[in-house]
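Here's the structure we're looking at; comments come further down.
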Amino acid sequence: MKLFICIATILCFTTSANARIPGIYSGGPWQSAHATFYGDADGSGTMGGACGYGNLYSQGYGVNTAALSTALFNNGQSCGACFEIKCDPKADSAGRFCYAGNPSIFITATNFCPPNFALPNDNGGWCNPPRSHFDLSMPMFLKIAEYRAGIVPVNYRRVPCRKRGGIRFTLNGFRYFNLVLITNVAGAGDIVRVSVKGTNTGWMTLSRNWGQNWQSSAVLAGQALSFRVTGSDRRTTTSWNVAPANWQFGQTFSGRNFRV
C-alpha cells in the first residue's frame, strides 16, 4: 500500500511538472504600459544595446526592437523576449495620437532603458521603477502613434517569437574563457539556462555574463560542441555537435530552434 502511494505521488508530481511545460509557447495576458522612442528614423541609434546583440540588422532583428524599463528588463533575463504592442486610445486622454484601427507592432527586447531618478516617474523618468515602459525604435513607434506624441499609453502582451532558421551560437573569447552569444531564439525567446558539452566532457552549465552572453572557463578548443538551451517557459532544445572540432573564436553556428 505504501509502495503504491509512493509511486502514485511520484507520477502525480511528474505529470504536474510536465503540465507546466507546453509544447509551444503560448504568450501572456494583455497588460498596460507606456511607450516612447529613441534613435533615428533608420533605427541606427538602436544598434548594440544591453543584450549584447551588436548589429541588429545582421542578427536579424532589424528595427523591430525595444529597450525595456527596469521592471520589464529583469536584469537582462528578458533579452530576446517578444511582445505585441498597441497604442491605447482609451487611455490617450486627448484621443488624437493613436492611429486609427489600433494597429499592432511586434518587437524583440534588445536593450535596457535605464532609470533617470533626477526626473519624476510621470515627467521624464519614464523608465524609472516600478513603471513598465518600452522605448521603441522610431520606425516602430511611428507605426502605432504620431511623432509629436512623444509618449503614449499602450497595451502589450508576450507573444511567441517567430524566427527564421535555427538558434545561433557565436563563440567569442580565448582558450580559457568562452563567451557564447545566443541569438535568433524562437518560442519564448528569453533564456534561463544554457549548457555546453564538448566531445570529451559531460554537460557543463554556463553562467550569464551579460544580456544573452553566456560564459565558461572550461578549455573547449579542439572539441565538437553541443548546446542545450532552456527558455523561460522551461522548454529545452538540444543542438548536437553544431560546432565542429576545428571551430574558431569569432565563428557562428546554427542549432535546433524551438517550435512555434
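The sequence shown lines up with residues 6 to 265 when you count with the working numbering.
Think of the CB as a built atom: it goes at the ideal place given N, C-alpha and C, for glycine as much as any other residue.
Fair warning: this is a prediction, and the values are worked out from it, not measured in the lab.
Leaving out the 5 sequence neighbours to the left and right, which residues in its chain are closer than 8 Å to residue i when beta-carbon positions are compared?
i    : result
G67  : G48, L61
Q228 : G203, T204, N205, T206, A250
W35  : N160, Y161, R162
A223 : N183, V201, G203, T206, M209
R180 : V224, A226
F254 : L176, N177, G178, F179
A76  : P134, P135, R136, S137, H138
Let me know if residue i comes out buried or exposed under the rule of 16 or more other beta-carbons within 10 Å of its beta-carbon.
i    : result
D45  : exposed
G203 : buried
N262 : buried
A13  : Residue placement at A13 is poorly supported in this model, since its pLDDT is 39, which falls under 50; the coordinates still yield a value, given next. Classification of A13: exposed, given that the 10 Å Cβ count is below 16.
S231 : buried
F122 : exposed
P2   : Since the first residue of the chain shown is 6 and the last is 265, residue 2 is not available in this structure.
A71  : buried
Q256 : exposed
N80  : exposed
A248 : buried
N189 : buried
N128 : exposed
A105 : exposed
S37  : exposed
With a threshold of 6 Å on Cβ separation, who are the neighbours of residue i within its own chain once the five nearest residues in sequence on each side are excluded?
i    : result
A96  : P158
G194 : G85, A86, C87, C166
N69  : I112
R264 : I29
F285 : No answer is possible for residue 285: it lies beyond the span of the chain, which begins at 6 and ends at 265.
V164 : G32, C87, E89
F78  : F117
F258 : F174, V247, A248
T235 : V197, R198, T241
N133 : P120, N126
G65  : N189
S237 : A193, D195, V197
With a CB to CB cut of under 7 Å and the five nearest residues on each side skipped, what residues in its chain are close to residue i?
i    : result
G53  : G59
L211 : V185, V199, S200, V201, W219, Q220, S221
A154 : F102
N107 : K91, C92, P94
G50  : Y43, G44
L124 : G130
How would you write the range of the beta strand (DSSP E) that residue i sits in, first residue to last?
i    : result
M143 : Here M143 belongs to no beta strand (DSSP E); instead the alpha helix (DSSP H) covers 143-146.
G260 : 257-260
T206 : Counting along the chain, T206 falls outside any beta strand (DSSP E), and DSSP gives it neither H nor E.
W64  : Note on residue identity: the sequence assigns Gln, not Trp, to residue 64. Where Q64 is concerned, there is no enclosing beta strand (DSSP E), given that its DSSP letter is neither H nor E.
R153 : Element bounds for R153: n/a, residue is neither H nor E.
L225 : No beta strand (DSSP E) contains L225, which DSSP labels as neither H nor E.
G178 : 172-179
S185 : Ser is not the amino acid found at residue 185; the sequence shown has Val there. 182-188 is the span of the beta strand (DSSP E), which, as asked, contains V185.
A248 : 241-248
S37  : 36-43
S49  : From DSSP, S49 is part of no beta strand (DSSP E); its letter is neither H nor E.
W252 : That residue, W252, is in no beta strand (DSSP E); it is neither H nor E in DSSP.
N218 : 218-221
Worksheet item: Along the chain, which unbroken stretches of the alpha helix (DSSP H) at least 4 residues long are found entirely within the region 73-114?
Response: 75-78, all fully within the region 73-114.
Worksheet item: Should the region 240-250 be regarded as contacting the region 165-178, the criterion being three or more beta carbon pairs within less than 8 Å?
Response: yes
Discussion item. Under 8 Å, with one C-beta from each stretch per pair, do the region 114-130 and the region 80-91 reach the 3-pair mark?
Written reply: yes
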